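Trainee: Got a structure for you, questions after.
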Amino acid sequence: GAVVSQHPSRVICKSGTSVKIECRSLDFQATTMFWYRQFPKQSLMLMATSNEGSKATYEQGVEKDKFLINHASLTLSTLTVTSAHPEDSSFYICSARDGGTGGFGQPQHFGDGTRLSIL
Amino acid sequence: KQEVTQIPAALSVPEGENLVLNCSFTDSAIYNLQWFRQDPGKGLTSLLLIQSSQREQTSGRLNASLDKSSGRSTLYIAASQPGDSATYLCAVGGTSGNTPLVFGKGTRLSVIA
Numbered sequence: 030g031a032v033v034s035q036h037p038s039r040v041i042c043k044s045g046t047s048v049k050i051e052c053r054s055l056d057f058q059a060t061t062m063f064w065y066r067q068f069p070k071q072s073l074m075l076m077a078t079s080n081e082g083s084k085a086t087y088e089q090g091v092e093k094d095k096f097l098i099n100h101a102s103l104t105l106s107t108l109t110v111t112s113a114h115p116e117d118s119s120f121y122i123c124s125a126r127d128g129g130t131g132g133f134g135q136p137q138h139f140g141d142g143t144r145l146s147i148l
Numbered sequence: 044k045q046e047v048t049q050i051p052a053a054l055s056v057p058e059g060e061n062l063v064l065n066c067s068f069t070d071s072a073i074y075n076l077q078w079f080r081q082d083p084g085k086g087l088t089s090l091l092l093i094q095s096s097q098r099e100q101t102s103g104r105l106n107a108s109l110d111k112s113s114g115r116s117t118l119y120i121a122a123s124q125p126g127d128s129a130t131y132l133c134a135v136g137g138t139s140g141n142t143p144l145v146f147g148k149g150t151r152l153s154v155i156a
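Sequence lines, in order, name chains A and B.
Add 29 to a position in the first sequence, counting from 1, and you land on the number used in this note's numbering.
Add 43 to a position in the second sequence, counting from 1, and you land on the number used in this note's numbering.
Structural data, given as structure tokens:
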């Protein structure tokens, strides 16, 4: 079945570091991918919609200059947290839907997430 | 704006019990509804997907129902096992097809052996 791969699974780094997270659809093409963030004991909140070949759409309150999204191909979207600070520590997870088989009625598939810890 | 609520927030049951998790959503104009399982510190595992035109879906010991008009869904777990312990998330998709999911806060389930 459709699989979404996310890398790395865990990052621990110093404040001020920029961190790149990759999200790949392994056996399908995804023109749209979604990036979510989850704080401890909270639900997933949408951060942005990544669109292949165009600019990402950010949710209200999410800084586009801090969370850079690049969707350069139909199978890869990247999220870069620039100059990360402790308050950016969270669980980041991407998702995509295989719209090529059965259309948008297919389930969304999620990566395994990236746990980011900023010291 | 769509809001998804899950009740209860936490549930502890003895092994073997049948249980029901509840999900409600404010805007009934949904494309589909998906139930996920999340283990601590892990990503999401899709359990069941119900299209807006469907009433229920079943997979093994799991059965999910959807009453779109009343904005409700339930996840029924039969003969619960300790391995079912996890957080269960309900999420709804909007009407325009390839839209992001709106998640509830989840129900944290503990099945005691």
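Glycine is no exception: its CB is placed at the ideal position from the N, C-alpha and C atoms.
As the structure is a prediction and not an experimental result, all values here were calculated from the model.
Quick check on the DSSP output: what are the complete beta strand (DSSP E) runs of length 3 or more inside the segment 81–107 of chain A, in order along the chain?
Mentor: 96–102, all fully within the segment 81–107 of chain A.
Trainee: Suppose you measure from the CA of isoleucine 98 of chain A to the CA of threonine 109 of chain A; what does that come to, to the nearest Å?
Mentor: If you take the alpha carbons of isoleucine 98 of chain A and threonine 109 of chain A, they lie about 6 Å apart.
Trainee: With a 10 Å radius around its C-beta and 16 neighbouring C-beta atoms as the bar for buried, classify glycine 131 of chain A as buried or exposed.
Mentor: Reliability fails at glycine 131 of chain A, whose pLDDT of 48 lies under 50, so the model's placement of it is uncertain and the value that follows must be treated cautiously. Exposed, because fewer than 16 other Cβ atoms sit within 10 Å of the Cβ of glycine 131 of chain A.
Trainee: For lysine 148 of chain B, go through chain A and note every residue whose CB falls closer than 9 Å to its CB, in chain order.
Mentor: Simply Lys70, Gln71, Ser72.
Trainee: When we look at the beta-carbon of histidine 138 of chain A and count the other beta-carbons within 10 Å, is it buried (16 or more) or exposed?
Mentor: It is buried - the Cβ of histidine 138 of chain A has at least 16 other Cβ atoms within 10 Å.
Trainee: Is any beta-carbon of chain A found at less than 8 Å from that of proline 51 of chain B?
Mentor: With 8 Å as the cut-off, proline 51 of chain B does not count as an interface residue toward chain A.
Trainee: Could you have a look at glutamine 112 of chain B and say whether DSSP puts it in helix, strand or coil?
Mentor: In the sequence as presented, glutamine is not what sits at residue 112 of chain B; that position holds serine. Three-state DSSP puts serine 112 of chain B in a helix.
Trainee: Quick one: which chain A residues come within Cβ less than 7 Å of proline 143 of chain B?
Mentor: Phe63, Leu75, Thr78, listed in chain order.
Trainee: Would you say lysine 85 of chain B faces chain A, with C-beta separation under 8 Å as the test?
Mentor: Closer than 8 Å: yes.
Trainee: Please confirm if the segment 125–139 of chain B is in contact with the segment 113–123 of chain A, defined as three or more CB-CB distances below 8 Å between the two stretches.
Mentor: Contact between the segment 125–139 of chain B and the segment 113–123 of chain A is absent, because fewer than three Cβ pairs lie under 8 Å.
Trainee: Of all Cβ atoms in chain A, is any one closer than 8 Å to the Cβ of glutamine 77 of chain B?
Mentor: Glutamine 77 of chain B counts as touching chain A.
Trainee: Measure from the alpha carbon of serine 119 of chain A to the alpha carbon of each residue in A:Gln35, A:Gln71, A:Ser34, A:Ser79, then state which is nearest.
Mentor: The shortest Cα separation from serine 119 of chain A among A:Gln35, A:Gln71, A:Ser34, A:Ser79 belongs to A:Gln71.
Trainee: Applying a beta-carbon distance threshold of less than 8 Å, which residues of chain B neighbour aspartate 141 of chain A?
Mentor: In chain order: Lys85, Gly86.
Trainee: Would alanine 59 of chain A be called buried (16 or more neighbouring beta carbons within 10 Å of its own) or exposed?
Mentor: Buried, by the Cβ-count rule.
Trainee: State the Cα-Cα distance for the pair valine 154 of chain B and asparagine 65 of chain B, rounded to the nearest angstrom.
Mentor: Whole-angstrom Cα-Cα distance: 17 Å.
Trainee: If I follow the unbroken beta strand (DSSP E) through phenylalanine 158 of chain A, where does it start and stop?
Mentor: With chain A covering only 30 through 148, there is no way to say anything about residue 158 of chain A.
Trainee: Can you list, in chain order, the residues of its chain with a C-beta nearer than 8 Å to that of lysine 111 of chain B? Leave out the 5 residues immediately preceding and following it.
Mentor: Around lysine 111 of chain B: Ser71, Ile73, Ser95.
Trainee: Would you say serine 89 of chain B lies against chain C (beta-carbon separation less than 8 Å)?
Mentor: Of the protein chains in this structure, namely A and B, none is chain C.
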